[in-house]
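Contents: one structure, followed by commentary.
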Amino acid sequence: MAVEIIKVEGRRLLREFITFPEKLYKDCPNWVPPLILDEFDTLDRKKNAAFEFCDADYFLARRDGKTVGRIAAIINHTANKNWNGKTCRFGWMDFIEDLEVVEALIGAVSEWGRERGCDQIKGPWGFTDMDKEGLLVEGYEHLSPFTCLYNYPYYDRLMNEAGLVKDVDWTQKVVEISRELPPMFQYAPLVEKRYGIKVCKARSMRELGRRYGMSVFHMYNETFAPLFQFSPLSDRQIKRYLQTYLTILSKDFVPVVVDSEDKPVGFAFCVPTLSEAVKKSGGRLFPFGFIRILRALRKNDTLEALMIGVLPEYQGKGASVLMFKALHESCIKAGITRMILNPQLEDNFKVQSLFGEYRTEPFMRRRSYTKKI
(Lines of atoms letter the chains of each structure in order from A and count residues from 1; the text may use other names and numbers.)
(Lines give C-alpha, C1' and ligand atoms only; values in the text may rest on other atoms or scores of the structure.)
Protein backbone atom coordinates (compact mmCIF):
# COMPACT_ATOMS: atom_id res chain seq x y z
CA MET A 1 0.00 0.00 0.00
CA ALA A 2 1.22 3.52 -0.80
CA VAL A 3 2.67 5.80 1.87
CA GLU A 4 0.26 8.48 3.09
CA ILE A 5 1.56 11.83 4.40
CA ILE A 6 -0.49 13.46 7.16
CA LYS A 7 0.03 16.99 8.43
CA VAL A 8 0.24 17.13 12.23
CA GLU A 9 -2.62 19.13 13.70
CA GLY A 10 -3.81 18.95 17.29
CA ARG A 11 -2.31 17.61 20.48
CA ARG A 12 -2.98 13.94 19.73
CA LEU A 13 -1.08 13.91 16.45
CA LEU A 14 1.72 16.01 17.97
CA ARG A 15 2.13 13.43 20.71
CA GLU A 16 2.28 10.70 18.07
CA PHE A 17 4.90 12.73 16.20
CA ILE A 18 7.01 13.16 19.35
CA THR A 19 6.76 9.58 20.60
CA PHE A 20 7.18 7.73 17.27
CA PRO A 21 10.94 7.18 17.88
CA GLU A 22 10.16 5.29 21.10
CA LYS A 23 8.72 2.44 19.04
CA LEU A 24 11.36 2.69 16.32
CA TYR A 25 14.27 2.49 18.78
CA LYS A 26 12.77 0.33 21.52
CA ASP A 27 15.43 -2.37 20.98
CA CYS A 28 18.35 0.01 20.30
CA PRO A 29 20.78 0.13 23.26
CA ASN A 30 22.53 3.37 22.24
CA TRP A 31 19.55 5.58 21.42
CA VAL A 32 18.72 8.15 24.11
CA PRO A 33 15.21 9.65 24.03
CA PRO A 34 14.68 13.39 24.25
CA LEU A 35 12.91 14.84 27.25
CA ILE A 36 9.26 14.61 26.21
CA LEU A 37 8.22 17.87 27.87
CA ASP A 38 11.05 19.71 26.11
CA GLU A 39 9.91 18.32 22.78
CA PHE A 40 6.37 19.60 23.33
CA ASP A 41 7.69 23.04 24.29
CA THR A 42 10.06 23.23 21.32
CA LEU A 43 7.40 22.27 18.78
CA ASP A 44 4.70 24.47 20.35
CA ARG A 45 4.17 27.66 18.32
CA LYS A 46 3.08 29.55 21.43
CA LYS A 47 6.01 28.52 23.64
CA ASN A 48 8.99 28.45 21.29
CA ALA A 49 10.27 31.97 20.65
CA ALA A 50 11.88 30.77 17.40
CA PHE A 51 8.45 31.06 15.79
CA GLU A 52 8.97 34.83 15.87
CA PHE A 53 11.19 34.33 12.80
CA CYS A 54 10.46 30.75 11.73
CA ASP A 55 7.62 28.93 9.98
CA ALA A 56 7.16 25.21 10.46
CA ASP A 57 4.86 22.26 9.92
CA TYR A 58 5.18 18.63 10.95
CA PHE A 59 4.27 15.52 8.98
CA LEU A 60 3.68 11.84 9.69
CA ALA A 61 4.11 9.04 7.15
CA ARG A 62 1.61 6.19 7.39
CA ARG A 63 1.10 2.88 5.65
CA ASP A 64 -1.84 0.58 6.32
CA GLY A 65 -2.85 2.86 9.18
CA LYS A 66 0.53 2.49 10.91
CA THR A 67 2.99 5.35 11.43
CA VAL A 68 6.26 4.57 9.63
CA GLY A 69 8.03 7.95 9.66
CA ARG A 70 8.00 11.61 10.64
CA ILE A 71 9.61 14.88 9.56
CA ALA A 72 9.48 18.61 10.35
CA ALA A 73 9.67 21.32 7.66
CA ILE A 74 11.14 24.63 8.86
CA ILE A 75 11.98 27.98 7.30
CA ASN A 76 14.25 30.19 9.39
CA HIS A 77 13.71 33.58 7.79
CA THR A 78 16.52 35.23 9.78
CA ALA A 79 19.07 32.66 8.64
CA ASN A 80 17.88 32.88 5.04
CA LYS A 81 18.24 36.66 5.12
CA ASN A 82 21.68 36.55 6.76
CA TRP A 83 22.97 33.88 4.39
CA ASN A 84 21.16 35.19 1.31
CA GLY A 85 19.43 31.88 0.70
CA LYS A 86 16.04 30.30 0.08
CA THR A 87 16.46 27.25 2.26
CA CYS A 88 13.82 24.98 3.74
CA ARG A 89 15.18 23.01 6.67
CA PHE A 90 14.07 19.55 7.67
CA GLY A 91 14.47 18.02 11.10
CA TRP A 92 12.92 15.58 13.55
CA MET A 93 13.28 13.00 10.79
CA ASP A 94 12.88 9.32 11.64
CA PHE A 95 11.74 6.42 9.50
CA ILE A 96 11.66 2.67 9.09
CA GLU A 97 14.10 1.05 6.67
CA ASP A 98 12.11 1.76 3.53
CA LEU A 99 13.11 4.03 0.62
CA GLU A 100 9.50 4.74 -0.31
CA VAL A 101 8.90 6.20 3.16
CA VAL A 102 12.00 8.40 2.95
CA GLU A 103 11.05 9.66 -0.51
CA ALA A 104 7.54 10.48 0.70
CA LEU A 105 8.88 12.44 3.70
CA ILE A 106 11.45 14.33 1.62
CA GLY A 107 8.79 14.94 -1.00
CA ALA A 108 6.46 16.48 1.60
CA VAL A 109 9.16 18.88 2.81
CA SER A 110 10.21 19.74 -0.74
CA GLU A 111 6.66 20.58 -1.78
CA TRP A 112 6.09 22.59 1.41
CA GLY A 113 9.29 24.54 0.80
CA ARG A 114 8.60 25.20 -2.90
CA GLU A 115 5.17 26.59 -2.05
CA ARG A 116 6.94 29.13 0.18
CA GLY A 117 9.56 30.18 -2.33
CA CYS A 118 12.45 27.92 -1.30
CA ASP A 119 14.84 26.37 -3.84
CA GLN A 120 16.68 23.85 -1.66
CA ILE A 121 16.28 21.71 1.44
CA LYS A 122 18.92 21.11 4.10
CA GLY A 123 19.01 18.99 7.23
CA PRO A 124 18.63 17.46 9.67
CA TRP A 125 18.50 20.87 11.32
CA GLY A 126 16.32 22.45 13.94
CA PHE A 127 14.97 25.97 14.26
CA THR A 128 18.41 27.20 15.37
CA ASP A 129 21.75 25.67 16.30
CA MET A 130 20.48 25.18 19.83
CA ASP A 131 18.39 22.29 18.51
CA LYS A 132 19.80 18.88 17.63
CA GLU A 133 21.26 18.69 14.15
CA GLY A 134 23.28 16.39 11.93
CA LEU A 135 22.51 12.79 10.95
CA LEU A 136 24.81 10.29 12.66
CA VAL A 137 27.10 8.60 10.09
CA GLU A 138 29.90 7.28 12.37
CA GLY A 139 29.97 6.21 16.01
CA TYR A 140 26.86 4.04 16.20
CA GLU A 141 28.60 1.84 18.79
CA HIS A 142 28.55 4.61 21.40
CA LEU A 143 25.73 5.66 23.70
CA SER A 144 24.40 8.90 22.30
CA PRO A 145 25.03 12.18 24.13
CA PHE A 146 21.67 13.37 25.45
CA THR A 147 22.02 16.65 23.52
CA CYS A 148 22.62 15.00 20.14
CA LEU A 149 20.77 12.97 17.54
CA TYR A 150 21.11 9.23 17.17
CA ASN A 151 19.87 7.14 14.27
CA TYR A 152 20.26 3.73 12.67
CA PRO A 153 23.07 3.19 10.09
CA TYR A 154 20.54 2.68 7.28
CA TYR A 155 19.51 6.36 7.46
CA ASP A 156 22.60 7.53 5.54
CA ARG A 157 22.14 4.97 2.76
CA LEU A 158 18.48 5.77 2.25
CA MET A 159 19.11 9.52 2.28
CA ASN A 160 21.63 9.07 -0.53
CA GLU A 161 19.26 6.82 -2.46
CA ALA A 162 16.57 9.49 -2.11
CA GLY A 163 18.82 11.96 -3.92
CA LEU A 164 20.30 13.94 -1.04
CA VAL A 165 24.04 14.68 -0.90
CA LYS A 166 26.48 15.71 1.80
CA ASP A 167 26.47 19.39 2.69
CA VAL A 168 28.76 19.57 5.74
CA ASP A 169 29.99 17.26 8.50
CA TRP A 170 30.45 17.81 12.22
CA THR A 171 32.87 15.68 14.23
CA GLN A 172 32.94 14.86 17.92
CA LYS A 173 35.85 13.75 20.07
CA VAL A 174 36.29 12.38 23.56
CA VAL A 175 38.89 14.19 25.66
CA GLU A 176 40.73 12.35 28.43
CA ILE A 177 40.80 14.35 31.68
CA SER A 178 44.03 13.41 33.45
CA ARG A 179 44.71 13.77 37.16
CA GLU A 180 47.50 16.21 36.32
CA LEU A 181 47.11 19.56 34.56
CA PRO A 182 48.59 19.85 31.04
CA PRO A 183 51.78 21.95 30.75
CA MET A 184 50.04 24.77 28.87
CA PHE A 185 48.27 25.86 32.04
CA GLN A 186 51.53 27.14 33.53
CA TYR A 187 51.07 30.20 31.31
CA ALA A 188 47.73 31.14 32.88
CA PRO A 189 49.21 33.86 35.18
CA LEU A 190 51.01 35.44 32.21
CA VAL A 191 47.78 35.50 30.19
CA GLU A 192 45.92 37.18 33.04
CA LYS A 193 48.60 39.83 33.46
CA ARG A 194 49.16 40.56 29.77
CA TYR A 195 45.55 40.75 28.60
CA GLY A 196 43.77 41.74 31.81
CA ILE A 197 41.39 38.78 31.72
CA LYS A 198 40.43 36.24 34.35
CA VAL A 199 37.90 33.52 35.16
CA CYS A 200 35.05 35.10 37.07
CA LYS A 201 34.17 33.95 40.56
CA ALA A 202 30.56 33.29 41.52
CA ARG A 203 28.98 31.68 44.57
CA SER A 204 26.22 29.93 42.63
CA MET A 205 24.90 29.24 39.15
CA ARG A 206 22.07 31.65 39.85
CA GLU A 207 24.54 34.46 40.55
CA LEU A 208 26.52 33.55 37.44
CA GLY A 209 23.36 33.68 35.35
CA ARG A 210 22.24 36.98 36.84
CA ARG A 211 25.60 38.66 36.25
CA TYR A 212 26.54 37.26 32.86
CA GLY A 213 23.65 35.22 31.42
CA MET A 214 22.33 37.60 28.78
CA SER A 215 25.76 38.96 27.83
CA VAL A 216 27.21 35.45 27.45
CA PHE A 217 24.48 34.50 24.98
CA HIS A 218 24.94 37.80 23.13
CA MET A 219 28.61 36.85 22.92
CA TYR A 220 27.51 33.44 21.63
CA ASN A 221 25.64 35.21 18.81
CA GLU A 222 28.74 37.20 17.92
CA THR A 223 31.21 34.33 18.24
CA PHE A 224 29.22 31.82 16.20
CA ALA A 225 27.99 34.29 13.55
CA PRO A 226 30.54 33.21 10.88
CA LEU A 227 29.74 29.49 11.24
CA PHE A 228 27.76 27.62 8.62
CA GLN A 229 24.12 28.80 8.41
CA PHE A 230 24.20 30.16 11.97
CA SER A 231 21.06 31.90 13.20
CA PRO A 232 21.37 34.30 16.19
CA LEU A 233 19.14 33.86 19.20
CA SER A 234 16.57 36.48 20.15
CA ASP A 235 16.41 37.84 23.69
CA ARG A 236 13.23 35.88 24.30
CA GLN A 237 15.00 32.66 23.27
CA ILE A 238 17.96 33.53 25.47
CA LYS A 239 15.73 33.98 28.51
CA ARG A 240 14.13 30.59 27.87
CA TYR A 241 17.52 28.86 27.60
CA LEU A 242 18.75 30.56 30.75
CA GLN A 243 15.71 29.25 32.64
CA THR A 244 16.48 25.75 31.33
CA TYR A 245 20.22 25.75 31.92
CA LEU A 246 20.18 27.34 35.35
CA THR A 247 18.39 24.25 36.66
CA ILE A 248 20.99 21.71 35.48
CA LEU A 249 24.33 23.52 35.14
CA SER A 250 26.89 23.83 37.93
CA LYS A 251 29.05 26.93 38.21
CA ASP A 252 32.06 24.60 38.46
CA PHE A 253 31.51 23.44 34.88
CA VAL A 254 30.65 26.85 33.40
CA PRO A 255 33.89 28.86 33.30
CA VAL A 256 33.33 32.42 32.11
CA VAL A 257 36.36 34.54 31.25
CA VAL A 258 35.90 38.31 31.71
CA ASP A 259 37.96 41.37 30.85
CA SER A 260 39.02 44.22 33.14
CA GLU A 261 35.52 45.74 32.84
CA ASP A 262 33.88 42.47 33.90
CA LYS A 263 32.54 41.78 30.41
CA PRO A 264 32.56 38.15 29.18
CA VAL A 265 35.08 37.32 26.45
CA GLY A 266 34.97 33.53 26.63
CA PHE A 267 32.78 30.77 28.03
CA ALA A 268 32.15 27.04 28.16
CA PHE A 269 28.87 25.37 29.06
CA CYS A 270 29.44 21.81 30.26
CA VAL A 271 27.26 19.37 32.18
CA PRO A 272 27.69 15.83 33.54
CA THR A 273 26.18 13.51 30.96
CA LEU A 274 22.52 12.68 31.51
CA SER A 275 22.31 9.97 28.83
CA GLU A 276 21.94 6.98 31.14
CA ALA A 277 19.49 8.78 33.42
CA VAL A 278 17.30 10.01 30.57
CA LYS A 279 17.36 6.62 28.83
CA LYS A 280 16.33 4.73 31.98
CA SER A 281 13.47 7.18 32.44
CA GLY A 282 12.29 6.97 28.82
CA GLY A 283 12.62 10.75 28.47
CA ARG A 284 10.08 11.38 31.22
CA LEU A 285 10.76 13.39 34.36
CA PHE A 286 8.11 11.64 36.45
CA PRO A 287 7.84 9.61 38.52
CA PHE A 288 11.59 8.81 38.79
CA GLY A 289 13.27 10.65 35.92
CA PHE A 290 13.93 13.81 37.87
CA ILE A 291 15.59 11.83 40.69
CA ARG A 292 17.83 9.97 38.22
CA ILE A 293 18.87 13.24 36.60
CA LEU A 294 19.75 14.84 39.95
CA ARG A 295 21.81 11.77 40.83
CA ALA A 296 23.65 11.94 37.49
CA LEU A 297 24.43 15.62 38.02
CA ARG A 298 25.99 14.87 41.41
CA LYS A 299 27.90 11.68 40.64
CA ASN A 300 29.37 11.11 37.19
CA ASP A 301 32.66 10.43 35.42
CA THR A 302 31.74 11.96 32.05
CA LEU A 303 31.17 15.58 31.10
CA GLU A 304 29.46 16.85 27.96
CA ALA A 305 30.63 20.14 26.48
CA LEU A 306 27.50 21.85 25.20
CA MET A 307 28.99 25.12 23.93
CA ILE A 308 32.44 26.71 23.83
CA GLY A 309 33.07 30.22 22.56
CA VAL A 310 35.68 32.99 22.64
CA LEU A 311 35.23 36.47 21.18
CA PRO A 312 37.19 36.86 17.91
CA GLU A 313 39.45 39.58 19.33
CA TYR A 314 40.49 37.28 22.20
CA GLN A 315 41.08 34.15 20.15
CA GLY A 316 44.76 33.21 20.24
CA LYS A 317 45.33 35.32 23.35
CA GLY A 318 45.00 32.61 25.98
CA ALA A 319 41.37 33.03 27.00
CA SER A 320 40.82 29.33 26.31
CA VAL A 321 43.80 28.47 28.54
CA LEU A 322 42.15 30.16 31.52
CA MET A 323 38.80 28.59 30.71
CA PHE A 324 40.09 25.03 30.34
CA LYS A 325 42.35 25.30 33.37
CA ALA A 326 39.38 26.15 35.60
CA LEU A 327 37.31 23.42 33.95
CA HIS A 328 40.05 20.80 34.30
CA GLU A 329 40.54 21.62 38.00
CA SER A 330 36.79 21.24 38.59
CA CYS A 331 36.81 17.90 36.77
CA ILE A 332 39.60 16.57 38.98
CA LYS A 333 37.68 17.56 42.12
CA ALA A 334 34.46 15.97 40.84
CA GLY A 335 36.06 12.72 39.60
CA ILE A 336 35.41 13.47 35.92
CA THR A 337 37.75 11.42 33.70
CA ARG A 338 36.44 12.16 30.19
CA MET A 339 34.65 14.90 28.31
CA ILE A 340 32.57 14.50 25.14
CA LEU A 341 33.00 17.56 22.96
CA ASN A 342 30.03 19.15 21.21
CA PRO A 343 29.79 18.62 17.42
CA GLN A 344 32.32 20.81 15.60
CA LEU A 345 32.40 21.62 11.89
CA GLU A 346 35.11 19.47 10.35
CA ASP A 347 36.77 22.53 8.74
CA ASN A 348 36.63 24.69 11.90
CA PHE A 349 40.33 24.22 12.57
CA LYS A 350 40.50 26.90 15.29
CA VAL A 351 38.17 24.90 17.52
CA GLN A 352 39.66 21.56 16.47
CA SER A 353 43.08 22.73 17.70
CA LEU A 354 41.95 23.91 21.15
CA PHE A 355 42.56 20.51 22.69
CA GLY A 356 45.96 19.89 21.13
CA GLU A 357 47.65 19.06 24.45
CA TYR A 358 44.96 16.57 25.46
CA ARG A 359 44.68 12.93 24.53
CA THR A 360 41.60 12.65 22.33
CA GLU A 361 39.77 9.90 20.47
CA PRO A 362 37.25 10.10 17.61
CA PHE A 363 33.72 9.65 18.89
CA MET A 364 31.00 10.49 16.37
CA ARG A 365 30.51 12.11 12.97
CA ARG A 366 27.32 13.87 11.89
CA ARG A 367 26.18 15.06 8.49
CA SER A 368 23.92 17.66 6.96
CA TYR A 369 22.38 16.82 3.60
CA THR A 370 21.06 19.05 0.85
CA LYS A 371 18.96 18.78 -2.29
CA LYS A 372 17.73 21.26 -4.88
CA ILE A 373 13.95 21.49 -5.10
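If you want this note's numbering, it's the position in the sequence shown, counting the first as 1, plus 75. Ideal Cβ placement from N, Cα and C applies to all residues, glycine included.
Spatial neighbours of residue i within its chain, please: C-beta separation below 7 Å, excluding the five flanking residues on both sides.
i	result
residue 125	202, 203, 312
residue 211	224, 225, 226, 439, 441
residue 73	Since the first residue shown for the chain is 76 and the last is 448, residue 73 is missing from the structure and cannot be characterised.
Which residues in the same chain have their Cβ closer than 6 Å to the Cβ of residue i, if we skip the five residues on either side of it in sequence?
i	result
residue 143	136, 171, 176
residue 364	356
residue 107	219, 221, 350, 353, 354
residue 122	116
residue 400	260, 263
residue 200	164, 166, 208
residue 236	174
residue 231	212
residue 228	215
residue 233	174, 177
residue 390	none
Going by DSSP, what residue range makes up the beta strand (DSSP E) through residue i?
i	result
residue 247	240 to 251
residue 312	It is not in any beta strand (DSSP E) - residue 312 instead sits in the alpha helix (DSSP H) that spans 310 to 320.
residue 380	377 to 385
residue 167	162 to 170
Starting from residue i and walking both ways along the alpha helix (DSSP H), at which residues does that stretch end?
i	result
residue 352	350 to 355
residue 129	Here residue 129 belongs to no alpha helix (DSSP H); instead the beta strand (DSSP E) covers 129 to 138.
residue 266	263 to 270
residue 233	229 to 236
residue 120	No alpha helix (DSSP H) contains residue 120, which DSSP labels as neither H nor E.
residue 281	280 to 299
residue 176	174 to 190
residue 370	364 to 373
Have a look at residue i and residue j and give me their C-alpha separation to the nearest angstrom.
i	j	result
residue 164	residue 415	27 Å
residue 55	residue 271	Look at the range of the chain in this structure, 76 to 448, and you will see that residue 55 is not part of it.
residue 209	residue 194	20 Å
residue 196	residue 335	45 Å
residue 252	residue 373	18 Å
residue 419	residue 377	19 Å
residue 80	residue 192	21 Å
residue 337	residue 290	11 Å
residue 134	residue 145	6 Å
residue 288	residue 130	27 Å
residue 140	residue 109	25 Å
residue 154	residue 102	37 Å
residue 409	residue 367	18 Å
residue 242	residue 299	19 Å
residue 413	residue 256	14 Å
residue 332	residue 138	54 Å
residue 322	residue 179	40 Å
residue 285	residue 358	29 Å
residue 393	residue 369	34 Å
Within 10 angstroms of the Cβ of residue i, are there 16 or more other Cβ atoms? Answer buried if so, exposed if not.
i	result
residue 382	buried
residue 361	exposed
residue 424	exposed
residue 76	exposed
residue 78	buried
residue 348	buried
residue 402	buried
residue 84	exposed
residue 417	buried
residue 169	buried
residue 318	exposed
residue 266	buried
residue 239	buried
residue 388	exposed
residue 127	exposed
Please report the Cβ distance between residue i and residue j, rounded to the nearest whole angstrom; I am assuming they are in contact, meaning their Cβ atoms lie under 8 Å.
i	j	result
residue 534	residue 182	What the structure shows of the chain is the stretch from 76 to 448, and residue 534 is not part of that stretch, so it cannot be assessed.
residue 279	residue 326	6 Å
residue 248	residue 436	6 Å
residue 385	residue 340	7 Å
residue 205	residue 320	Residue 205 to residue 320, Cβ: 11 Å. No contact.
residue 245	residue 421	7 Å
Quick one: residues in its chain with C-beta nearer than 8 Å to the C-beta of residue i, no 5 flanking neighbours on either side, listed in chain order?
i	result
residue 329	280, 283, 342, 343, 344, 345
residue 296	307, 308
residue 185	163, 196, 446, 448
residue 258	432
residue 132	82, 83, 147, 148, 187
I'd like to know whether the C-beta of residue i is nearer than 8 Å to at least one C-beta of chain C.
i	result
residue 371	Any reference to chain C falls outside this structure, which holds one protein chain only.
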